[in-house]
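Here is the structure we will look at, set down as structure tokens.
2 protein chains.
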Amino acid sequence: MEHRQEGSEAAALRSHIRTHGGNLESAMALHPEAPRPWIDLSTGINPVPYPVGPLPAETWTRLPSGAALADLMAAAAFAYGAADGAMVAAAPGTQALIQLLPRLMPARRVAVLGPTYGEHAAAWSAAGAAVATVTTVDALADADVAVVVNPNNPDGRVVAPDRLLMLSTSLARHGGRLVVDEAFADGLAGVSVVPRLDDPAARGMVVLRSFGKTYGLAGVRLGFAVADAPTAAAIRQALGPWAVPGPALTIGRAALRDGDWLAGAMARLVADAARLDGLLAAAGLTPLGGTPLFRLAEAPEGADVWFDRLARAGILTRPFDYAPTWLRFGLPGDAAAWGRLEAALRG
Amino acid sequence: MEHRQEGSEAAALRSHIRTHGGNLESAMALHPEAPRPWIDLSTGINPVPYPVGPLPAETWTRLPSGAALADLMAAAAFAYGAADGAMVAAAPGTQALIQLLPRLMPARRVAVLGPTYGEHAAAWSAAGAAVATVTTVDALADADVAVVVNPNNPDGRVVAPDRLLMLSTSLARHGGRLVVDEAFADGLAGVSVVPRLDDPAARGMVVLRSFGKTYGLAGVRLGFAVADAPTAAAIRQALGPWAVPGPALTIGRAALRDGDWLAGAMARLVADAARLDGLLAAAGLTPLGGTPLFRLAEAPEGADVWFDRLARAGILTRPFDYAPTWLRFGLPGDAAAWGRLEAALRG
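Protein chains in written order, with this note's numbering: chain A, 445 to 791; chain B, 445 to 791.
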């Protein structure tokens, strides 16, 4: 009895860990014996964050101003390659936009190119839509709303912007719309469809961009929808006034204009991603792709073997409920973390 | 022509100022000659904020954890007198909840006890409901959703919790629900209906609480819905994961458990509110009420006369589009601000 209860508790913790990255508390409960501090490689968040200096007192005390919000929208348009800040809606995290879109775009049939980040299907299902996960872009074309995560999480598959515009055109023929989640597109040339949003084929398309991942500031909660100006205005209207906290406004305005920081971060992330693939391959795992912020690997013997071995060493990775041989790795942030990962992979 | 253009621009700025407090940018554009720094008395935000110390790096870098959120919910339940953290949903500002409620509670006919804070009517109207502003509690009883801001903004009118429970019972007879916005209820004994939410008559009632006003941290964006546990769970579900930014979690958890700070703040606010009423009366304005965070005054000669006189002295107050003789004053935060207000009121 005691054993069965412990078993079901462990199963619940494992299920939690397979739903989202970042569940360090569940991992600690599952492996209380693991050495501390834990190294959290379960997310795709840059481990070397954009520096947050002391913030002006007004950031905390005053309601966020309209002028500051307009400037953040302009900074996001500049960073993402949109023509105009009016094409941007800023939210307290991309997740808030994922929650919101089903309420703005009534849809009966939603198709998600998958497997992918689970919150899109969850949000549309919660709103009452029938959600199909499909494996080809062509299979998206009949939906009321089609969702593409690009590059995809967890495997890094990229759908070219040209293909997305063709898809958007197909969808538009029956009033369907395309949502493109570019959470991991920062700094990847030629991947984003945002510079193409002026194209009439892109009318009604909504592109989501995440601030916290590349800039290593997931706690700030800042995300954007980029779309034609009327669509962006409708999203801003639905979010209401003061949707973005003062700290997110202050930090986002500075970071999104700091091209030097981004260039340096991308150079390091790309090199570290290659280094990580090398370590995984040397350990007998097969690299399947990913983005500069995370790598996906296949473990023919089952991901649980590796997940548990790493967890006993205080390293949290990301398994998936739908792919028992897949394990996703974020990037270690410093020499100590690289050393511990390398040692644990060697076993 | 030049003059007419300037006139319509000024009218737009005035309209903006009459919609919300805090529009310092509009005031500066309207009165560029005013001495700086401006003193913003246009909001009901405590000018002496809860101290924000340096935050742990994880507050910024990591996704907000489930354990931290649960602790914030428990802290809010403690602060507001709810039995249990499960009765709390935390959001990035009360406004986010005001935007959300119409999507969770389909309603054709909404009644708002008014005049009051304008965003309730705006959000329900945007969702397609017919919104009536009524002036008695009895007139709320037939609505699908009834909204009471308690204490009311801007006049401080209080509806007793017993009366709200009776209203909730009346509403429940035809499936109607009550929303109580307690944005300005902090520290006022006997005003809040939250401790009564266990009463069966309160089933389905949603109480909104605002963090940023009393704690002087409007930029943090933190607000709560308090309700029976199933209703609170539905709101949390609609908000989705990671809805509250890391800084709001860290600051809110500490502040909401700091009863000493709140007691000291309330003592000062109550004394300052009385002092402000005295100044207003001495200047020939009639105090109409309010809360410890703001005071409403009547100017028989028209609020614009006083608004402009104070604006020329670099002091922003809050006029109302629906009441041309009303002017609302927040509290000055230091001796210099009190001195400038007193001098400007003397004229």
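In this text, a Cβ means the ideal position worked out from N, Cα and C, and glycines have one as well.
Backbone CA spacing between residue i and residue j [nearest angstrom]
i             : j             : result
residue 784/A : residue 753/A : 12 Å
residue 594/B : residue 524/B : 14 Å
residue 740/B : residue 475/A : 58 Å
residue 714/B : residue 632/B : 10 Å
residue 735/A : residue 468/B : 43 Å
residue 727/A : residue 789/A : 6 Å
residue 392/A : residue 649/B : With chain A running from 445 to 791 in the structure shown, residue 392/A is simply not present.
residue 772/B : residue 570/B : 27 Å
residue 502/A : residue 491/B : 11 Å
residue 699/A : residue 464/B : 29 Å
residue 404/A : residue 580/A : Nothing in the structure corresponds to residue 404/A, since chain A is present only between 445 and 791.
residue 601/A : residue 473/B : 50 Å
residue 560/A : residue 627/B : 40 Å
residue 745/B : residue 483/B : 23 Å
residue 787/A : residue 725/A : 14 Å
residue 519/A : residue 522/B : 40 Å
residue 659/B : residue 704/B : 13 Å
residue 762/B : residue 582/B : 29 Å
residue 615/A : residue 589/A : 8 Å
residue 629/B : residue 603/B : 11 Å
residue 449/A : residue 456/A : Low per-residue confidence applies at residue 449/A: pLDDT is 49, beneath 50, and the placement is therefore not dependable enough to give any value.
residue 697/B : residue 655/B : 11 Å
residue 791/A : residue 723/A : 12 Å
Nonlocal neighbours in the same chain, by C-beta distance under 7 Å from residue i, ignoring five residues either side
i             : result
residue 693/A : 508, 512, 513 and 516
residue 478/A : 755, 756, 757 and 758
residue 447/A : Bear in mind that a pLDDT of 42 at residue 447/A, under 50, signals an unreliable position, so the number given afterwards is only what the model happens to contain. Hits under 7 Å: none found.
residue 792/A : The requested residue 792/A does not occur in the structure, where chain A is confined to residues 445 to 791.
residue 611/A : 581, 584, 585, 590 and 622
residue 743/A : 729, 749, 750, 769 and 771
Test: residue i CB closer than 8 Å to a CB of chain B
i             : result
residue 692/A : yes
residue 761/A : no
residue 497/A : no
residue 686/A : yes
residue 483/A : no
residue 593/A : no
residue 852/A : Examination of residue 852/A is not possible in this model, given that chain A is present from 445 through 791 alone.
residue 542/A : yes
residue 487/A : yes
residue 689/A : yes
residue 558/A : no
residue 736/A : no
residue 449/A : Because residue 449/A sits at a pLDDT of 49, beneath the cut-off of 50, its placement in the model cannot be relied upon, and the following sentence gives the value as read from the coordinates. Not closer than 8 Å to any Cβ of chain B, the Cβ of residue 449/A fails to qualify, so no.
residue 562/A : no
Minimum Cβ-Cβ distance from residue i to chain A less than 8 Å
i             : result
residue 493/B : yes
residue 504/B : yes
residue 569/B : no
residue 469/B : yes
residue 537/B : yes
residue 547/B : yes
residue 665/B : yes
residue 778/B : no
residue 510/B : yes
8 Å Cβ shell around residue i - same chain, five flanking residues per side excluded
i             : result
residue 682/A : 544, 547 and 548
residue 676/B : 530, 531, 532, 533, 669 and 670
Cβ shell of residue i (< 6 Å), same chain only, five flanking positions each side left out
i             : result
residue 721/A : 731 and 739
residue 577/A : 556 and 558
residue 445/A : Interpretation of residue 445/A is limited by its pLDDT of 35, a score under 50 that renders its predicted location unreliable; the figure taken from the coordinates is listed afterwards. Taken in chain order, the list of residues that qualify is empty.
residue 565/B : 556 and 575
residue 567/A : 542, 543 and 546
residue 530/A : 673
residue 781/A : 483
residue 591/B : 556, 564 and 623
residue 636/A : 626 and 629
residue 716/A : 775
Three CB pairs or more closer than 8 Å across the region 520-536 of chain B and the region 657-673 of chain B: Under the Cβ criterion (8 Å, minimum of three pairs), the region 520-536 of chain B counts as touching the region 657-673 of chain B.
Three CB pairs or more closer than 8 Å across the region 744-751 of chain A and the region 685-704 of chain A: By the criterion of at least three beta-carbon pairs nearer than 8 Å, the region 744-751 of chain A is not in contact with the region 685-704 of chain A.
Just checking, does the region 479-489 of chain B make contact with the region 634-646 of chain B on the three C-beta pairs under 8 Å criterion? Not touching, per the Cβ criterion.
List, from N- to C-terminal side, the alpha helix (DSSP H) runs of 4 residues or more that fit wholly inside the region 538-574 of chain B. The qualifying runs are 538-548 and 563-570.
What are the uninterrupted segments assigned as alpha helix (DSSP H) that are 4 or more residues long and contained completely in the region 695-746 of chain A, given in chain order? Here the runs fully enclosed are 703-726.
Inside the region 516-541 of chain B only - beta strand (DSSP E) runs reaching at least 3 residues: With a minimum length of 3 residues, the continuous beta strand (DSSP E) runs that stay inside the region 516-541 of chain B are 532-535.
Write down every uninterrupted run of the beta strand (DSSP E) in the region 640-682 of chain A whose length is 3 residues or greater and which is fully enclosed by it, in chain order. Segments of the beta strand (DSSP E) lying fully in the region 640-682 of chain A: 650-654 and 667-670.
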